[in-house]
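Heads up: the structure comes next, in structure tokens.
Residue numbers (this note's numbering): 918 to 1319.
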């Protein structure tokens, strides 16, 4: 496919594509598969780009391309300047490498943006469109051309384009009277790659769905493992985007959990789901690492059952409750802001991270670092309660992390 043909198909800019890319975090990586499948929808990386300033300059150039301000020729000129500025010794030829970065980021942003438009526009069916003008078309991609299936069909979870290196296929809106049968053999798996036949390794995911989902746990893990220079920059970017979203989402989640309680019968329905609450600050990550308690993720979460426990709602009606220290439901819905505004201590006795916050009174939130839930290590909120002013003071038990 020529550059002119590419530009004619992947017409940019449009807001959803630009926003998809803007919301990515810069993540240093040695190889492309340091991020895997859906993680690419949340992180911007260029294999081998390990320095913060280098990654920032590459990201800026890619953003301009997605915003329609740079052609491939223009991008290559900026690419050359960035390489010279940073003395970056990348792998592969100049034309191949610059085209790969330009092409991959534009096609993924384009299709992620289109997916958002499909969702917001109420599209019920999608049609797979093979890219014309490809010199060596992939047989499977040709076979999928014209297939029209419901937007919630599992086919789109793995086959939504792009689904391989240099894939310029698209999905377009379609209608029920255009529906077709599923492609024959589309669920067959290549034993060498683990991906469906016709899809490149690591590309069997829907970039649009991945871009709309919340992946704070994944980002928290990457944040914890970053070099300090990246971590501080990424944290600033991440928290600015997450704060408003988290406050709103957590409140809706908590209200939904609360509605599953039948106060008359005392019956409670919980799933054990862990929801994101807060991203641990870089200074606390670094301090804990110095103390030999290295968090494997920066993300802090809580399960639905533990959130109810904070309010003593798991106790049957009529039982005695010490309400002096118990958070009300409205207060428990404010956990994200309590942690955001709190100061951290290390509890030597309990071996836990403790956030102390003050509103109308003083409270604390205890977090178990690297707590294992369903086989995964997370930073899990175990308790939260109101305390007396002198309960948490620097000393033998509590070590301030600031």
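Ideal Cβ positions, reconstructed from N, Cα and C, are used throughout, including at glycine. None of the values given here were measured: they were computed from a predicted structure.
- The shortest C-alpha to C-alpha distance from residue 1241 to any of 1254, 1227 and 1252 is the one to 1227.
- Apart from sequence neighbours up to five positions away, the residues of its chain that approach residue 1255 with a beta-carbon distance below 8 Å are 1272, 1274, 1276, 1280, 1282 and 1301, ordered along the chain.
- Within the DSSP bridge table, the entry for residue 1044 names 1065 and 1089 as partners.
- Separation of residue 1074 and residue 1125 (C-alpha to C-alpha, rounded to the nearest whole angstrom) is 9 Å.
- Around the beta carbon of residue 1064, 16 or more other beta carbons sit within 10 angstroms, so the residue counts as buried.
- Across the structure, residue 991 and residue 1008 are spaced so that their CA atoms are roughly 21 Å apart.
- Between the C-alpha atoms of residue 1200 and residue 1222 there is a straight-line separation of about 30 Å.
- In this structure, DSSP gives residue 1317 an extended state, which the three-state scheme calls strand.
- Annotation for residue 1270: the continuous beta strand (DSSP E) segment containing it runs 1269-1275.
- Taking each of 1024, 985, 1005 and 989 in turn and checking the Cα distance to residue 968, the smallest one comes out for 1005.
- Nearest neighbour of residue 995 by Cα position, chosen from 984, 985 and 975, turns out to be 975.
- CA-CA distance, residue 1034 to residue 1262, rounds to 45 Å.
- For residue 1263, there is no enclosing alpha helix (DSSP H); the residue is found in the beta strand (DSSP E) stretching over 1260-1264.
- Residue 1002 counts as exposed, since fewer than 16 other C-beta atoms from the protein chains shown sit within 10 angstroms of its C-beta.
- The three-state secondary structure of residue 1218, taken from DSSP, is strand.
- At a Cβ-Cβ threshold of 8 Å, residue 1030 and residue 934 count as neighbours.
- Shown here for residue 1160: same chain residues with a beta carbon closer than 8 Å to its own, the five before and five after excluded, namely 1253 and 1257 in chain order.
- For a cut-off of 8 Å, the C-beta gap from residue 958 to residue 945 is around 18 Å, too long to register as a contact.
- Exclusion of the five residues before and after residue 1097 leaves 1064 and 1065 as the residues of its chain whose Cβ lies within less than 6 Å of its Cβ.
- Within the same chain, 944 come within 6 Å of residue 1139 by CB-CB distance, once the 5 residues on both sides are set aside.
- Residue ranges of uninterrupted alpha helix (DSSP H) with 4 or more members, entirely inside the segment 985-1026 and ordered along the chain, are 989-1003.
- From the listed residues 1307, 1298, 1260 and 1287, the smallest Cα separation to residue 1317 is found for 1260.
- The DSSP-derived three-state label of residue 970 is helix.
- Under the criterion of beta carbons closer than 8 Å, residue 1284 and residue 1296 qualify as touching, at roughly 5 Å.
- Contact between residue 1214 and residue 1141 is confirmed by a C-beta separation of about 5 Å, below the 8 Å threshold.
- Following the DSSP letters along the chain, one finds residue 1281 inside the beta strand (DSSP E) bounded by residues 1279-1290.
- Going by DSSP, residue 936 is part of the alpha helix (DSSP H) stretching over 932-939.
- In the three-state scheme derived from DSSP, where H, G and I count as helix and E and B as strand, residue 960 is classed as strand.
- Within the model, the alpha-carbon separation for residue 1113 versus residue 1121 is close to 7 Å.
- Only residues of its own chain outside the window of five on either side were considered, and among them 1217, 1253, 1256 and 1257 have a CB closer than 7 Å to the CB of residue 1195, listed in chain order.
- CA-CA distance, residue 1058 to residue 1047, rounds to 6 Å.
- Pairing residue 1103 with residue 1089, the inter-Cα distance amounts to about 19 Å.
- The segment 1011-1026 makes contact with the segment 1074-1084, as at least three CB pairs between them are under 8 Å.
- Judged by DSSP in its simplified three-state form, residue 1110 adopts coil rather than helix or strand.
- Bounds of any alpha helix (DSSP H) do not take in residue 954, whose DSSP letter is neither H nor E.
- In the assembly as shown, residue 1174 is a buried residue. Its beta-carbon has 16 or more other beta-carbons within 10 Å.
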